[in-house]
Structures are given as C-alpha cells and as structure tokens.
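In the numbering used here, the protein residues as written are 838 to 961. First comes the structure, then the notes that go with it.
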C-alpha cells in the first residue's frame, strides 16, 4: 500500500511539473540546458527523478515505476505479450518474473474457475 500511496504523490508532482512547463506532447523531461528541448539522457532523468522523489519525501527508484506500470497493466487484464512489448522484454518469461500480480487477481481467477466448474461440472 505504501508504494501505491508514494506513486500517487509522485504522480501529483508530475502533473504539477507538466502544468508549470506547459508540455502537452513529446518527451516528459526535456534537456533545457542545451536549449534543444529534446529528450534528456538517462543520467539526467535519473537525477531529476531523485530530486522530485526527495521533494515528495519518497524513496522510489526510477526502475520501480516501470515495474509498477507493468504490474498495473497485468492487473487490469492486458495480455502478457502486450506488456512484454511495452516494457521491451525479449521474452514473456522475463515479464512473468518481473511482474508481480496483486493478490486479488489470482484470487479472482480462482473464484471464476470454481464458479465455472460448479456450473459445468468436473472435466473428464
């Protein structure tokens, strides 16, 4: 629960950032130092991420946001193959290891299987 609350705080800060910058399309974080407005390097993005997380008083690594995004997609029913492509994994096996399902998802699946079994009877 703490991670979700922390990500909600980070989300609020990102919305504030977008409102202040006026960005509506293109890269989320842009290289303002070189004046091009293009995408920032990973190290620069990581530095900013740490700065914003510090301001929000949360300790979340930038990679955790990727993990959370993949988990959220799986939890709402997006196929493992689509999630694999979205996060850039070479195989679905990696995505399956990487993505932890919330407890309610397997429980709901088990309950659905039990209902189906009760309605149709046992398989031969």
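No residue lacks a Cβ here, since even glycine has one placed at the ideal position from N, Cα and C. A quick note: this is a predicted structure, and the numbers were derived from the prediction, not measured.
**Message:** Let's test the definition: count the other Cβ atoms within 10 Å of the Cβ of residue 921 and tell me whether it reaches 16, buried, or not, exposed.
**Reply:** Its Cβ being crowded by 16 or more others within 10 Å, residue 921 is buried.
**Request:** Tell me whether residue 899 is buried or exposed, calling it buried when 16 or more other Cβ atoms sit within 10 Å of its Cβ.
**Result:** By the neighbour-count criterion, in which a residue is buried when 16 or more other Cβ atoms sit within 10 angstroms of its Cβ, residue 899 is exposed.
**Message:** Let me make sure I understand the geometry here. Which of 846, 923 and 876 has the alpha-carbon closest to that of residue 894?
**Reply:** Among 846, 923 and 876, the Cα nearest to that of residue 894 belongs to 846.
**Helix, strand or coil at residue 867 according to DSSP, with G and I counted as helix** = Under the three-state reduction of DSSP, residue 867 is assigned to strand.
**Neighbourhood of residue 882 by C-beta distance below 6 Å, restricted to the same chain and skipping five residues each side** = The residues are 866.
**Burial state of residue 911 (16 or more Cβ within 10 Å)** = By the neighbour-count rule (16 or more Cβ atoms within 10 Å), residue 911 is buried.
**Request:** Determine the extent of the alpha helix (DSSP H) in which residue 860 is found, giving its start and end residues.
**Result:** Secondary structure note for residue 860: it is in no alpha helix (DSSP H), with a DSSP letter that is neither H nor E.
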